[in-house]
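*Asks:* Protein sequences appear in the order of chains A and B.
At position 41 of the first sequence the residue is numbered 41 (this note's numbering), and the sequence of numbers has no breaks.
At position 145 of the second sequence the residue is numbered 1145 (this note's numbering), and the sequence of numbers has no breaks.
All C-beta atoms, glycine included, are put in the ideal place defined by N, C-alpha and C.
Protein chains: 2
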Amino acid sequence: MTMNNGAGGRRRPPTIHDVAREAGVSRGTVSRVLNGGHYVSPSAAEAVNAAIRRTGYVVNRHARSLITGRSDSVGFLLTEPQERFFEDPNFNVLLRGCTQALAAHDIPLLLMLAGTEDERRRITRYITAGHVDGVLLVSSHSGDPIATELREAGVPLVACGKPIGIGSKVSYVAADDRDGARDMVRHLLAQGRRRVGVVTGPLDTPGGVERLAGYREVLAEAGVDYDERIVVSGDYSRASGEAGAERLLAQAPDLDAVFVASDLMAQGVLTALHRAGRRVPEDVAVGGFDDSPAATAASPSLTTIRQPWDRISNEMVRVLLAQIGGEDPAAVILPTELVKREST
Amino acid sequence: MTMNNGAGGRRRPPTIHDVAREAGVSRGTVSRVLNGGHYVSPSAAEAVNAAIRRTGYVVNRHARSLITGRSDSVGFLLTEPQERFFEDPNFNVLLRGCTQALAAHDIPLLLMLAGTEDERRRITRYITAGHVDGVLLVSSHSGDPIATELREAGVPLVACGKPIGIGSKVSYVAADDRDGARDMVRHLLAQGRRRVGVVTGPLDTPGGVERLAGYREVLAEAGVDYDERIVVSGDYSRASGEAGAERLLAQAPDLDAVFVASDLMAQGVLTALHRAGRRVPEDVAVGGFDDSPAATAASPSLTTIRQPWDRISNEMVRVLLAQIGGEDPAAVILPTELVKREST
DNA sequence: CTGCTGTCTGTGAGCGTTCACAGTAGAGAA
DNA sequence: TTCTCTACTGTGAACGCTCACAGACAGCAG
């Protein structure tokens, strides 16, 4: 492969015109080869491909976008407050999965952080101006104004986790939180635990609501009365798990298990239990949620619910591209899996 | 602010032409206002700005890029093997910092992952075709072919951490690894420790080499002979820290301190020490590096060296933009800080 | 009056691509 | 033959913007 620009300075890159001349055909034919190769004779296609190889031609996406009106890029929009982004390993897995799934379609991912009101406004403008074809939205908190704005502007949008409080017609991909919670609580009961507390996520997030719902369903199934003294809420942070466990222990010293709505919070719970002199799992069993690196890092390692992050990111990209292609919004719910470790 | 396209479908956005008509001036004048406002009368500028507000105009970057030859976007390129990306919290902080620093200049960040050879080739093409104006490179391993390729293609490039084995003329921003290591080892000696082992990073990374060098310098200063039985290498992963500590204990049971080249590895070291029945810090003091979330998450919490990630990301962006603007490559080295916690 | 600055403004051209259209050639049917 | 159909190819015209240029007008000097 001989690039026509030697090492060193940045020469002007070859255009479709150069390729056409090199291949002895017209711009149109080259363009057709570039876009699927329909209505092109095999010999012409061959010549064009050879010319592309020889010249090192790469399509100028700006020129293409200018006329097609599409940017062939998508945004990955994060509206969480900053700390969560750092703390939560799930974001990383998701981000990486989406980047790779998009790369397979040759679509670059633009990372966008909208933490402040100001950033939110700028980014909304940027997106609605058509600089991306669609948006992968990571923001589970309800009432997020940006989701509504984008939806109303007709921007293809896929959320991670079921958005609360937004009209239906917005696509989302989520793990089956409720079912995962059910599995975990059933598992705890099957171990002979009878006094199972819970540390939920924020109740304005689907993960907060659904996992609590699963917990209540299984207890009801088992004929255990719902006792709100052993239900506390956290914000998915480690510190909030620690605080939550302390409240639980104070309100119900006879606790013999805790279902925690995230691994990070579960780490905090372990710390608090340790400080209170309770052994895990002998005295108190602890079940987490996410199967993040925190789960194996914890000691004892955490029994948890695995969220299928790789599938989630793949599905998000698939649904988004379908929507960009004109299909209707869709909701995808993926199964979770119980992972047994030392803490139960 | 009245957008001329109501909620619902995606109407065609206003062009510079619409703004010109609305303001009663020519395209040229609008363009001048958009690009700094030189040679524009105050009244014309006022009219244009009002028209922009009224129409909700946002510049079409594709059209602009087509003619300027610049994309007004930069790539954030990750060439680490995938696991590190997950495990290492530093990447997140860096990614976030760079995204924000760029956003302040209204420049979007394109996230690029080049884990496999295939991805590497595709991304190199994409970049050298001019689809980004510059690249923020995160890949500390030496001999990374992509850095050399990009440099030779004349693409503005700033690495995070000093690249080893590449000709000089590549910009980088790094924490002062050697000095940080010196601080930590001095701190350990000041605590009365006499037998200080070390778990280094990979010795083909600057962090691996420099931190070890700092360790050796301080020991030499203190008149302690270098003993290679208490020097082991890890790969920055938690597991490698655990394995490293086990080797250290086997080779030198009289160890009373360990300097570990990353917090994550230090977590592993803590695990191994705990299993071996050594108390931290009573029997063995442990010093980490990074001041990542892992440092506070560990128990006991880790004394560590803080890397100024916020400043690093800011500097990377600043140096990159300067280079895009035509300035010469530059190297920036930033000071670290010793953070004392429970482990020493 | 002419000529020279300097500031400000409008206009045509063109960036590299796709799209619509017109046109060619060859195969098969009438 | 002639007409139609299909497969293929080339050509202008956009897309929305910036840039270079030319022109207008004012102020001031000669």
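1) Going along the chain, which unbroken runs of the beta strand (DSSP E) with 3 or more residues stay wholly within the stretch 1267–1341 of chain B?
2) Assuming leucine 270(A) contacts alanine 298(A) under a Cβ cut-off of 8 Å, what Cβ separation, rounded to an integer in Å, is found between them?
3) CB-CB under 6 Å to glycine 244(A), same chain, minus the five flanking residues each way: which ones, in chain order?
4) Give the single residue among Gly1277(B), Glu1217(B), Gly1130(B) whose Cα lies nearest to the Cα of leucine 1066(B).
5) Counting contacts by CB-CB distance shorter than 8 Å, is arginine 1278(B) in contact with chain A?
6) Examine chain B for any beta-carbon lying closer than 8 Å to the beta-carbon of histidine 105(A), and answer yes or no.
7) Give a yes or no on whether 8 Å exceeds the smallest Cβ distance from arginine 96(A) to chain B.
8) Can you give me the C-alpha to C-alpha distance between alanine 1213(B) and arginine 1178(B), rounded to a whole angstrom?
9) Output, in chain order, the set of chain A residues within a Cβ distance shorter than 8 Å of asparagine 1035(B).
10) Would you mind giving the Cβ-Cβ distance between threonine 304(A) and glutamine 191(A), rounded to the nearest angstrom? I have them listed as a contact below 8 Å.
11) If I follow the unbroken beta strand (DSSP E) through leucine 110(A), where does it start and stop?
12) Looking only at its chain, what residues have a beta carbon closer than 7 Å to the beta carbon of alanine 1101(B), apart from the 5 residues adjacent to it on each side?
13) Please list the terminal residues of the continuous alpha helix (DSSP H) segment that includes threonine 1029(B).
14) Quick one: what's got a C-beta closer than 7 Å to isoleucine 1127(B)'s C-beta in the same chain, skipping five residues either side?
15) Classify threonine 116(A) as helix, strand or coil using the three-state DSSP reduction.
16) Cα-Cα, which of Ser1073(B), Glu1119(B), Arg1341(B), Leu1077(B) is closest to arginine 1306(B)?
17) Going by C-alpha to C-alpha distance, which of Phe91(A), Arg96(A), Glu228(A), Ala23(A) sits closest to glutamine 251(A)?
18) Verify the CB distance criterion: does glutamate 46(A) have a CB-CB separation below 8 Å to chain B?
19) Taking Cβ to Cβ, would you say valine 1019(B) is nearer than 8 Å to tyrosine 1057(B)?
20) With a threshold of 8 Å on Cβ separation, who are the neighbours of arginine 1032(B) within its own chain once the five nearest residues in sequence on each side are excluded?
21) Verify the CB distance criterion: does leucine 111(A) have a CB-CB separation below 8 Å to chain B?
22) Please determine, among Pro108(A), Glu152(A), Arg27(A), Ala331(A), the residue with the shortest C-alpha to C-alpha distance to arginine 61(A).
23) Tell me whether the beta-carbon of leucine 264(A) lies closer than 8 Å to the beta-carbon of serine 301(A).
24) Helix, strand or coil for leucine 1157(B)? Go by DSSP, reduced to three states.
25) Could you please give the first and the last residue of the uninterrupted alpha helix (DSSP H) stretch that includes alanine 1175(B)?
26) Does any C-beta atom of chain A lie closer than 8 Å to the C-beta of glutamate 1282(B)?
27) On the DSSP letters alone, give me the boundaries of the alpha helix (DSSP H) that valine 1260(B) sits inside.
28) To which residues of the same chain is glutamate 217(A) closer than 7 Å at the C-beta, ignoring the five residues directly before and after it?
29) Let me confirm a value: glycine 1008(B) is counted as buried when at least 16 other C-beta atoms fall within 10 Å, else exposed. Which label applies?
30) Return the residues of the stretch 1118–1130 of chain B that lie within a Cβ-Cβ distance of less than 9 Å from chain A, sorted by chain order.
31) Helix, strand or coil, according to DSSP, for valine 232(A) in the structure here?
32) Do you know offhand how far alanine 175(A)'s Cα is from proline 335(A)'s?
33) When DSSP builds the beta bridges, which residues end up paired with valine 135(A)?
34) Helix, strand or coil for threonine 200(A) per DSSP?
35) Rounded to the nearest angstrom, how far is the Cβ of alanine 1114(B) from that of leucine 1077(B), given a contact under 8 Å?
*Replies:* Taking the definition as stated:
1) Note on the stretch 1267–1341 of chain B: whole beta strand (DSSP E) runs with a minimum of 3 residues are 1285–1287, 1304–1306, 1331–1334, 1337–1339, in chain order.
2) For the purposes of this step, residue 270(A) is identified with residue 270 of the first sequence, where counting begins at 1. For the purposes of this step, residue 298(A) is identified with residue 298 of the first sequence, where counting begins at 1. Contact between leucine 270(A) and alanine 298(A) holds, since their C-beta atoms are separated by about 6 Å, short of 8 Å.
3) If you number the first sequence from 1, residue 244(A) lands on position 244. If we look at glycine 244(A) and ignore the five residues flanking it on each side, its Cβ neighbours are Val199, Val232, Gly234.
4) Counted from its first residue, the second sequence places residue 1066(B) at position 66. Leucine 1066(B) has its Cα closest to that of Gly1130(B), out of Gly1277(B), Glu1217(B), Gly1130(B).
5) On the second sequence, residue 1278(B) is found 278 positions in, with the first residue counted as 1. No - not a single Cβ of chain A is within 8 Å of the one on arginine 1278(B).
6) Numbered from its first residue, the first sequence carries residue 105(A) at position 105. So, not an interface residue.
7) For the purposes of this step, residue 96(A) is taken as the residue at position 96 of the first sequence. Judged by the 8 Å Cβ criterion, arginine 96(A) is in contact with chain B.
8) Indexing the second sequence from 1 puts residue 1213(B) at position 213. Indexing the second sequence from 1 puts residue 1178(B) at position 178. Cα-Cα distance, rounded: 6 Å.
9) Within the second sequence, residue 1035(B) is the residue found at index 35, counting from 1. Per Cβ cutoff of 8 Å: no residues; asparagine 1035(B) is ~17 Å from chain A at best.
10) As a first step, residue 304(A) is located in the first sequence; it is residue number 304 there, counting from the start. As a first step, residue 191(A) is located in the first sequence; it is residue number 191 there, counting from the start. Not really, about 15 Å apart at Cβ, beyond 8 Å.
11) For this step, residue 110(A) is matched to residue 110 along the first sequence. From DSSP, the beta strand (DSSP E) with leucine 110(A) extends over 109–113.
12) For the purposes of this step, residue 1101(B) is taken as the residue at position 101 of the second sequence. Within the same chain, alanine 1101(B) has close Cβ partners Ser1313, Asn1314, Val1317.
13) Here the question's residue 1029(B) lines up with position 29 in the second sequence. Threonine 1029(B) -> alpha helix (DSSP H) spans 1027–1034.
14) Here the question's residue 1127(B) lines up with position 127 in the second sequence. Taken in chain order, the residues that qualify are Gly1075, Val1135, Leu1150, Val1155.
15) Within the first sequence, numbered from 1, the residue matching residue 116(A) stands at position 116. Three-state result, threonine 116(A): coil.
16) For the purposes of this step, residue 1306(B) is identified with residue 306 of the second sequence, where counting begins at 1. Of the candidates Ser1073(B), Glu1119(B), Arg1341(B), Leu1077(B), the one whose C-alpha sits nearest the C-alpha of arginine 1306(B) is Arg1341(B).
17) Along the first sequence, one-based indexing puts residue 251(A) at 251. Nearest option by C-alpha distance: Glu228(A).
18) For the purposes of this step, residue 46(A) is taken as residue 46 along the first sequence, with counting starting at 1. No - not a single Cβ of chain B is within 8 Å of the one on glutamate 46(A).
19) Along the second sequence, read from residue 1 onward, the residue named residue 1019(B) stands at position 19. Along the second sequence, read from residue 1 onward, the residue named residue 1057(B) stands at position 57. Cβ atoms of valine 1019(B) and tyrosine 1057(B): closer than 8 Å.
20) Translated into positions along the second sequence, residue 1032(B) becomes position 32. Excluding residues within five positions, the ones whose Cβ falls inside 8 Å are His1038, Tyr1039, Val1040.
21) Within the first sequence, the letter at position 111 stands for residue 111(A). Leucine 111(A) belongs to the set of residues whose beta carbon lies under 8 Å from a beta carbon in chain B.
22) Position 61 of the first sequence, counted from the start, is the residue given in the question as residue 61(A). When C-alpha distances from arginine 61(A) are compared across Pro108(A), Glu152(A), Arg27(A), Ala331(A), the shortest belongs to Pro108(A).
23) Here residue 264(A) corresponds to residue number 264 of the first sequence, with the count starting at 1. Here residue 301(A) corresponds to residue number 301 of the first sequence, with the count starting at 1. For the pair leucine 264(A) and serine 301(A), the CB atoms are not nearer than the 8 Å cut-off.
24) By 1-based counting over the second sequence, the position of residue 1157(B) is 157. Assigned with DSSP and collapsed to three states, leucine 1157(B) falls in strand.
25) Here residue 1175(B) refers to the residue found at position 175 when the second sequence is read from its first residue. First-last for alanine 1175(B): 1171–1175, but that is the beta strand (DSSP E), not the alpha helix (DSSP H).
26) Start at 1 with the first residue of the second sequence, and residue 1282(B) comes out as number 282. Cβ-Cβ to chain A under 8 Å: no for glutamate 1282(B).
27) Here residue 1260(B) refers to the residue found at position 260 of the second sequence. Note, valine 1260(B): premise wrong, no alpha helix (DSSP H); beta strand (DSSP E) at 1257–1260.
28) Counted from its first residue, the first sequence places residue 217(A) at position 217. Arg182.
29) On the second sequence, position 8 is the one that residue 1008(B) refers to. At glycine 1008(B), the pLDDT of 39 sits below 50, so the modelled position is not reliable; the number obtained from the coordinates is stated separately. Glycine 1008(B) is exposed by the Cβ-count criterion.
30) Glu1119, Arg1122, Ile1123, Arg1125, Tyr1126, Thr1128, Ala1129, Gly1130
31) Numbered from its first residue, the first sequence carries residue 232(A) at position 232. Secondary structure at valine 232(A): strand, using DSSP grouped into helix, strand and coil.
32) The count along the first sequence starts at 1 and reaches residue 175(A) at position 175. The count along the first sequence starts at 1 and reaches residue 335(A) at position 335. So the two alpha carbons sit approximately 6 Å from each other.
33) What you label residue 135(A) is simply residue 135 of the first sequence in a count that begins at 1. BP columns for valine 135(A) point to Gly75(A), Leu157(A).
34) In the first sequence, the residue the question calls residue 200(A) occupies position 200. Note: threonine 200(A) maps to strand in three-state DSSP.
35) Walking along the second sequence from the start, residue 1114(B) turns up at place 114. Walking along the second sequence from the start, residue 1077(B) turns up at place 77. Correct: roughly 6 Å between the Cβ atoms.
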